[in-house]
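**Q** Numbering (full-length UniProt numbering), first residue to last: 1 to 469. Sharing a structure here in structure tokens format.
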Ligand SMILES: Nc1ncnc2c1ncn2[C@@H]1O[C@H](COP(=O)(O)OP(=O)(O)O)[C@@H](O)[C@H]1O
Ligand SMILES: [Mg+2]
């Protein structure tokens, strides 16, 4: 019986932990029908593929960018999608992230997210930059690995008296092809076992130094039991239970910042109290970041880690101001820079934070100079029709042909986004009207009930005198 105990990470070593909360949910369900750029093997865009219709040039250009990013020739470079609203800029950016796969960080933000009363604009940008830079770390770790054969927490009376029992230790059995081992573990490890929701029959490994537990998957001996489970089945591990194992971890620089940030304040009672009363976000200082960079560069030099420059996508970039642009210019020069993709629907306009500096897309000329620009063009009636059909299918709606024609027609006159948005309310009305599928009448009714942007603006000018200004 051996007992790995939790040891605090030594000061000289960097803590490496991915931060769960940093993983964002897909920001917009509006693009859930997009499954990639829909390119053929030769890199050309199929007219209707992977949920994508038309916009061939922009998609092919994005395909080239994806290749550059994958071969790491794109770091520190930037890209701008420019085009009218509803021409698929955000959709293409999402498709790029899908093409890159889950191992390359992709961080989408909207320009206006930098404005907050608590955090400096440049700080927000810096944090998001670091969320977009990945590090793949290879480490040889001493682990206990195997299929869980038993999991028994041993309880004792609460030593402090009172009700309830506490767990004194936990007995865990681990099995590999070679043999079985029983371990007696510290209760703190039992917590991480519970967090990973480990049950008997799972394959796990426990790191000997830190006591952290990782669930690899379900042992394939259990595979036939429940066919419907969305489970990853893994074979029974080979070798001994106690061994050295090469572990690969994908983290972002921001994960490292958070894992290594220490709570503020000293260790005395007063500062402990004030921390309890006012739980403060631990601060990530410039100094900490510089230290992390130093260690990261050392790891890269030693071949322990590999840099994976990801993508920072800044939508509605005209919302940024001069201070942000200056910062971006500088940040892009750093050797630890991600690929930055901007999108905007503005033409010539005044740069925010200046009185009268007019520039294309509201982006200063010196930054524009660095950018590759990809244009997105308005859709044809047929393309809009196809996109509406794909959306209807994704939302599980059936729509009559003449209703689709009408929606597409409205899309041509207003925007694709407005057309796509008509579907859901039209479905509600079609239910009320007792139709089995969305009919022309339902769509017309919705169109009468709601205003599109143009109609609304027209209404405003006509009725101007009646509004408060
Ligand atoms: N070429 C396309 N194929 C399929 N769906 C598209 C295409 N272009 C845009 N869409 C969809 O139309 C809607 C509006 O597009 P969006 O990307 O938000 O436009 P933009 O960002 O240019 O304003 C979204 O739901 C998007 O997924
Ligand atoms: Mg957009």
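Heads up, the beta-carbon is just placed ideally off N, CA and C, and yes, glycines get one too. Only a predicted model underlies this, so the values are computations on that prediction, with no experimental measurement involved.
(1) Report yes or no: do the segment 115-131 and the segment 161-179 share at least 3 C-beta pairs separated by less than 8 Å?
(2) For residue 310 versus residue 132, is the C-beta spacing smaller than 8 Å?
(3) When you compare each of 185, 69, 368 to residue 171 by their alpha carbons, which one comes out closest?
(4) Expressed to the nearest angstrom, what Euclidean distance is found between the alpha-carbon atoms of residue 78 and residue 455?
(5) Excluding the 5 residues flanking residue 323 on each side, which residues of the same chain have their C-beta closer than 8 Å to its C-beta?
(6) Check whether the segment 233-252 and the segment 193-208 touch, using three or more Cβ-Cβ pairs below 8 Å as the test.
(7) Alpha carbons only, please: which of 181, 152, 182 is nearest the one belonging to residue 168?
(8) Kindly indicate which residue of 452, 439, 374, 221 has the alpha-carbon position closest to the one of residue 92.
(9) Report yes if the C-beta distance between residue 305 and residue 135 is below 8 Å; otherwise report no.
(10) Given the structure, does residue 343 come close to ligand 1, in the sense that its CB is under 7 Å from one of the ligand's heavy atoms?
(11) Would DSSP call residue 386 helix, strand or coil?
(12) Could you tell me the boundaries of the alpha helix (DSSP H) in which residue 290 lies?
(13) Measure the beta-carbon distance from residue 460 to residue 450 and round it to whole angstroms, keeping in mind my assumption that it falls under 8 Å.
(14) Can you tell me which of the three DSSP states residue 179 falls into?
(15) Can we count residue 313 as close to ligand 4, meaning its CB is less than 7 Å from some heavy atom?
(16) Whose CA, out of 183, 357, 165, 130, lies closest to the CA of residue 150?
(17) For residue 205, list the residues DSSP reports as bridge partners.
(18) Take residue 86 and list the residues in its own chain whose beta-carbon comes closer than 6 Å to its own, dropping the five residues that flank it on each side.
(19) Enumerate, from N- to C-terminal direction, the unbroken alpha helix (DSSP H) stretches of 4 or more residues contained entirely within the segment 51-109.
(20) Report the rounded CA-to-CA distance for residue 139 versus residue 71, giving the unit in angstroms.
(21) Are the beta-carbon atoms of residue 50 and residue 36 separated by less than 8 Å?
(22) Going residue by residue through the segment 296-340, where are the continuous alpha helix (DSSP H) segments of at least 4 residues, counting only ones entirely within it?
(23) How far does the alpha helix (DSSP H) with residue 249 in it extend, from its first residue to its last?
(24) Within the continuous beta strand (DSSP E) that includes residue 358, where are the two ends?
(25) Check whether the Cβ of residue 70 lies closer than 7 Å to any heavy atom of ligand 2, and answer yes or no.
(26) Compute the minimum distance between the beta carbon of residue 90 and the heavy atoms of ligand 2, and state whether it is under 7 Å.
(27) Are residue 325 and residue 107 close, meaning C-beta to C-beta below 8 Å?
(28) Which residue's Cα is closest to the Cα of residue 293: 402, 255, 348?
**A** So, from the data block:
(1) no
(2) yes
(3) 185
(4) 37 Å
(5) 121, 122, 353
(6) yes
(7) 152
(8) 374
(9) yes
(10) yes
(11) helix
(12) 286-301
(13) About 15 Å; that fails the 8 Å criterion.
(14) coil
(15) Of the ligands one can find in the structure shown, namely ligand 1 and ligand 2, none is ligand 4.
(16) 183
(17) 145, 214
(18) 415, 416, 417
(19) 56-70, 89-100
(20) 23 Å
(21) yes
(22) 322-331
(23) No alpha helix (DSSP H) contains residue 249, which is instead part of the beta strand (DSSP E) from 242-252.
(24) 358-360
(25) no
(26) yes
(27) no
(28) 255
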